[in-house]
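Residue numbering for the sequence shown is 1 to 241, as defined by UniProt numbering.
Beta carbons: idealized from backbone N, C-alpha and C, even for Gly.
Since this is a predicted model, take the numbers as computed values, not measurements.
All remarks here apply to the structure that follows.
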Amino acid sequence: MNTLQYGTLYGIGVGPGDPDLIPLKSVNILKRVRVIFAASSSKNIHSQAVNIARPHIPETSEIRLLSFPMTKNRVEKEACWEDHARTIIAEMQKGNDVAFLTLGDSMTYATYGYVLKYVLVLAPEAPVVTIPGITAYQAAAARVNRPLVEGEESLLVLSGVEGGHRLRQLSEAVDNVVFMKAYRNAGDITDALKEKAMLENSVAVANCGLENEEVIEDIRTLKARKPGYWTLVIAKKSPQP
């Protein structure tokens, strides 16, 4: 009786932008996996994660972009995640090791996590290895030489897609905050930081680690202009007088 021998799925966070920030373990895996998957928008065939990892990907590797719709419809998104999980599993069933690339860290606001959920359910016997990556906010903090937390301080990591409302809800016990994806509602994020006495100790970094990187010391300027998609904000509560 033949037993199905799955290849391994490797979840790889490629970091924020600089190819030199990809973990050595991930580099070694990229040199030998058969197929490399990555997410792209349904509107194009571009993958920033692939572009970052490109120096470490052999020319003989097959790169397959998986299209993800930009929609808030949960049913549509779930169907897409399951479909892509089945595509990945089908390749693993051939005995091929595969990788799924994602920006930053594989487990922090990553597309990989949505697909992984279905892989684990649909093929629970298949081996999965996830390698952590450097997050954009870690790289941004290093870029501006700013500690994220010290002593007994707390750090709150939020998505900024919907603005600053979550900070308003959770700020009372928070010393430091990071807003990921702070592009669309940067103005409301600025307002929320001001309300919570965190505006004066804030900084924004756009496209961290890329050629068009920008450090924005006065984030109040973001109320007058929409920043780029790859923008995050780091802020610290001002000391009480």
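Residue i in three-state terms, based on DSSP
i      : result
Val178 : strand
Gly104 : strand
Tyr118 : helix
Glu76  : helix
Gly15  : strand
Met1   : The predicted position of Met1 is uncertain, since its pLDDT is 36 and thus under 50; no value can be drawn from it.
Val144 : coil
Glu82  : helix
Arg64  : strand
Thr71  : coil
Nearest-angstrom Cβ-Cβ length linking residue i and residue j, presumed shorter than 8 Å
i      : j      : result
Asn176 : Val149 : 6 Å
Ala139 : Leu21  : 7 Å
Ser106 : Tyr112 : 5 Å
Ala126 : Leu222 : The Cβ separation is near 44 Å, so there is no contact.
Ile219 : Val203 : 7 Å
Glu62  : Ile36  : 7 Å
Val144 : Val205 : 7 Å
Pro23  : Gly133 : 6 Å
Ala85  : Tyr118 : 3 Å
Among the options, the one whose alpha carbon lies nearest that of residue i
i      : options                           : result
Arg166 : Ile216, Ala192, Tyr183 and Thr111 : Ala192
Pro227 : Ser171, Val215 and Ala235         : Val215
Ala53  : Lys25, Arg74 and Glu153           : Lys25
Ile12  : Ala204, Arg86 and Leu116          : Leu116
Asn96  : Tyr112, Val128 and Leu120         : Val128
His56  : Thr130, Asp18 and Arg168          : Asp18
Leu156 : Ser171, Ala142 and Glu162         : Ser171
Lys196 : Thr108, Arg168, Ala110 and Glu152 : Arg168
Arg225 : Gly187, Arg34, Glu211 and Glu152  : Gly187
Val121 : Ile131, Glu152, Arg34 and Asp83   : Asp83
Chain-order list of residues whose beta-carbon lies under 6 Å from that of residue i (same chain, five-residue window excluded)
i           : result
Glu213      : Asn207
Ala136      : Pro16, Gly104, Cys208 and Leu232
residue 279 : With the chain covering 1 to 241 only, the question about residue 279 has no answer from this structure.
Leu158      : Arg166 and Phe179
Met198      : Ala235 and Lys237
Tyr183      : Pro227, Tyr229 and Thr231
Pro124      : none
Own chain residues within Cβ distance below 7 Å of residue i, not counting five before or after
i     : result
His46 : Ser40
Leu65 : Ala38, Ser40, Ile45 and Ser47
Asn2  : Caution is warranted here: a pLDDT of 46 is assigned to Asn2, below 50, making its placement in the model unreliable, and the coordinate value is therefore given only provisionally. Closer than 7 Å at the Cβ level, and outside the excluded window around Asn2, lies no residue.
Leu4  : Gln93
Other residues of its chain near residue i: CB distance less than 8 Å, five sequence neighbours each side excluded
i      : result
Ala173 : Ser154
Ala49  : Val14, Ala38, Ala39, Leu101, Thr102 and Leu103
> So, do the stretch 92 to 102 and the stretch 75 to 83 have three or more beta carbon pairs nearer to each other than 8 Å?
Replying inline: no
> Counting Cβ pairs, one atom from each stretch, are 3 or more of them under 8 Å apart for the stretch 136 to 148 and the stretch 30 to 47?
Replying inline: no
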